[in-house]
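Engineer:
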Amino acid sequence: MKTITITNTDITTSQIVLGIMRIAALSPREAGQTLATAYDHGMTFIDSADIYGKGDSETIFGNALKHSNISRDSLFIQSKAGIINNNVATDGFPLGHRYDFSKEHLINSVEHILKRLQIDYLDSFLLHRPDPLMVLDEVAETFNILHSSGKVRYFGVSNFNPQQVEMLQSAVSQKLVFNQVQFSLAHSGMIDFGLHTNMEDKFSVNRDGGIIEYSRQHHITLQAWSPFQHGQIAGTFIDDPNYPVLNQKLEELGEKYGVLKNAIATAWILKHPAQIQVVLGTMTPKHIIDSVKGADVSLTNQEWYDLYFAAGHDLP
Ligand SMILES: NC(=O)c1ccc[n+]([C@@H]2O[C@H](COP(=O)([O-])OP(=O)(O)OC[C@H]3O[C@@H](n4cnc5c(N)ncnc54)[C@H](OP(=O)(O)O)[C@@H]3O)[C@@H](O)[C@H]2O)c1
Numbered sequence: 001m002k003t004i005t006i007t008n009t010d011i012t013t014s015q016i017v018l019g020i021m022r023i024a025a026l027s028p029r030e031a032g033q034t035l036a037t038a039y040d041h042g043m044t045f046i047d048s049a050d051i052y053g054k055g056d057s058e059t060i061f062g063n064a065l066k067h068s069n070i071s072r073d074s075l076f077i078q079s080k081a082g083i084i085n086n087n088v089a090t091d092g093f094p095l096g097h098r099y100d101f102s103k104e105h106l107i108n109s110v111e112h113i114l115k116r117l118q119i120d121y122l123d124s125f126l127l128h129r130p131d132p133l134m135v136l137d138e139v140a141e142t143f144n145i146l147h148s149s150g151k152v153r154y155f156g157v158s159n160f161n162p163q164q165v166e167m168l169q170s171a172v173s174q175k176l177v178f179n180q181v182q183f184s185l186a187h188s189g190m191i192d193f194g195l196h197t198n199m200e201d202k203f204s205v206n207r208d209g210g211i212i213e214y215s216r217q218h219h220i221t222l223q224a225w226s227p228f229q230h231g232q233i234a235g236t237f238i239d240d241p242n243y244p245v246l247n248q249k250l251e252e253l254g255e256k257y258g259v260l261k262n263a264i265a266t267a268w269i270l271k272h273p274a275q276i277q278v279v280l281g282t283m284t285p286k287h288i289i290d291s292v293k294g295a296d297v298s299l300t301n302q303e304w305y306d307l308y309f310a311a312g313h314d315l316p
């Protein structure tokens, strides 16, 4: 497993992350097997969010961790909050449909996250999606409370553009170390527009404000969510007949390197010099084992471009 040292922290961790959004669908026994498989294959970084499975993902993961041989401190556990989407208010989740970065909501969210995960602290806490109504001083105060109480070690954001990161960073005392964004061979807008600067075609549209360039300059580690999905988690492109050329190229390179398509799709993200973390969402042990083999594949620059072309892109 490739490890990376997260800039501005004392963290060395796996570059491939286990995302637990889909773990709520598993039985306790299956969840235990998924966690053990990921850990045994070097995945020590866990990504969660309060809303996954309406809290059930964290409850199931917390139970699996408790009943495993894995010590809490050998993992880097991250969660996210700030999204409210509930028809019914419960103890952990208020009623409503909005983003909410209020002190009351974020502190309440972290307390419930810790309870569900059955742990005392989060290694990192991300604001899930930017709330236009965020009050910067209030977020700063909230981060200070969470940090000084020992409940959160590091902070970051998700789905923020560079100006939003910059604005928040200007207010909070802690360095924002992560930004989690969607990125895959079939969702590569962060790269497309840079290659099509000042052109008139659809790939020239800058939809994220230059997040890769900004993150590299400011030493923020990007985390690629949904690395095998197209659309907004519309489905995986792997073995999808709508992506025949891409699947043929993934297969061809898989044969060359002795791995499966999911490993090549993983290696394509890992090849980027921004040292992007890959947040895998598969809960199937075999798919985990096959995907992490991507960490041992070093694609050539030409192969990286060939995969990009096979996903439907070109160069001006
Ligand atoms: N920050 C955000 O806004 C945000 C949004 C969405 C997700 N996330 C994070 O990103 C993580 C990953 O998201 P994701 O689950 O959409 O990512 P993904 O890894 O792109 O997709 C996983 C899905 O693909 C399926 N799949 C089918 N064939 C596969 C193959 N050959 N190899 C591997 N998987 C295959 C998996 O099914 P099987 O389980 O059957 O393998 C699973 O349903 C989430 O768990 C969450 O932590 C963050």
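Per our numbering: the sequence shown = residues 1 to 316.
The beta-carbon is built from N, C-alpha and C at its ideal position, and this holds for glycine as well.
Note that this is a predicted model, so its numbers are computed, not measured.
(1) So for L136, helix, strand or coil by DSSP?
(2) In the DSSP assignment, find the unbroken beta strand (DSSP E) run with G323 in it and report its ends.
(3) From the DSSP output, read off the bridge partner residues of D47.
(4) Relative to the alpha-carbon of S158, which residue among V181, W268, I20 has its alpha-carbon at the smallest distance?
(5) May I have the straight-line CA-CA distance separating D317 from G92, to the nearest angstrom?
(6) With N108 as the anchor, note down where its alpha helix (DSSP H) starts and where it stops.
(7) Considering only residues of the stretch 208-251, which uninterrupted alpha helix (DSSP H) runs meet the minimum length of 4 residues and lie entirely inside it, listed in chain order?
(8) Closer than 5 angstroms between the C-beta and any heavy atom of ligand 1: which residues qualify, listed along the chain?
(9) At the level of alpha carbons, what is the spacing between R29 and L195?
(10) Between which two residues does the beta strand (DSSP E) harbouring G156 extend?
(11) Note the first and the last residue of the continuous alpha helix (DSSP H) segment covering N301.
(12) Just list the alpha helix (DSSP H) runs in the stretch 143-201, keeping only unbroken ones of 4 residues or longer that don't cross its boundaries, in chain order.
(13) Give the C-beta separation of I16 and L280 to the nearest angstrom, bearing in mind that I take them to be a contact with Cβ-Cβ under 8 angstroms.
(14) Taking 8 angstroms as the cut-off, decide whether the C-beta atoms of G231 and T266 are in contact.
(15) At a cut-off of 7 angstroms, would you count F93 as near ligand 2, judging by its Cβ distance to the nearest heavy atom?
(16) I need the DSSP call for R129, collapsed to helix, strand or coil.
(17) Measure from the alpha carbon of Q217 to the alpha carbon of each residue in D192, I77, E252, V177, then state which is nearest.
(18) Tell me the residue span of the beta strand (DSSP E) that contains Y99.
Structural biologist: Quick look at the numbers:
(1) helix
(2) A query on residue 323 cannot be resolved here, the shown segment of the chain reaching from 1 to 316 and no further.
(3) G19, Q78
(4) V181
(5) Nothing in the structure corresponds to residue 317, since the chain is present only between 1 and 316.
(6) 103-117
(7) 211-218
(8) G19, M21, D47, S158, Q180, W225, S226, P227, F228, Q229, I233, T236, I238, N262, V279, L280, G281, T282, M283, T284, H287
(9) 46 angstroms
(10) 152-158
(11) 301-310
(12) 162-171, 189-195
(13) 6 angstroms
(14) no
(15) Among the ligands modelled here, namely ligand 1, ligand 2 does not occur.
(16) coil
(17) V177
(18) 96-99
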